[in-house]
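Residue numbers (this note's numbering): 60 to 202.
C-beta atoms are modelled at their ideal positions from N, C-alpha and C, and glycine is treated no differently.
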């Protein structure tokens with residue numbers, strides 16, 4: 060009986076297959092490690108960029124709040140100044156109108172005295188109507 064050479068070849072083939080499987084496993088492990096490392100790098104870069112974007116957005120928002128707060132303060136001061144000026148102008152206008160009303164009323168009284176100067180006071184036959192409103196009352200400046 061002659062020994063069969065096939066088992067020797069089979070042993071060599073199975074060794075090669077085992078070596079190829081080992082190399083494939085090593086390649087897969089290496090590729091996986093590289094992919095995981097790359098994924099960590101990409102994730103870290105994305106997180107860094109997200110933090111940077113958030114910081115920039117927060118800074119812009121804080122700047123805008125500061126700007127708007129300053130604008131609000133300035134407008135508030137302008138409103139206060141305008142309110143004060145309006146009150147001063149109103150008081151001056153009321154003074155001028157009061158003076159003008161007094162002059163008109165005085166002029167009307169003088170005009171009535173010159174045109175209707177009776178020799179003797181006459182008793183009214185009918186009740187005297189109350190005096191009409193003054194100009195400032197009619198225009199509601201006294202309110």
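Query	Result
From residue 130 to residue 145, what distance separates their C-alpha atoms?	22 Å
Which value, in whole angstroms, describes the spacing of the CA atoms of residue 84 and residue 96?	18 Å
Return the CA-CA distance between residue 165 and residue 154, expressed in angstroms with no decimal places.	16 Å
Would you tell me roughly how many angstroms separate the C-alpha atoms of residue 147 and residue 127, rounded to the nearest one?	30 Å
In this structure, does DSSP put residue 76 in helix, strand or coil?	helix
Identify, in the order they occur along the chain, each residue of the same chain with its Cβ nearer than 6 Å to the Cβ of residue 171, setting aside the five sequence neighbours on each side.	none
Can you list, in chain order, the residues of its chain with a C-beta nearer than 7 Å to that of residue 169? Leave out the 5 residues immediately preceding and following it.	none
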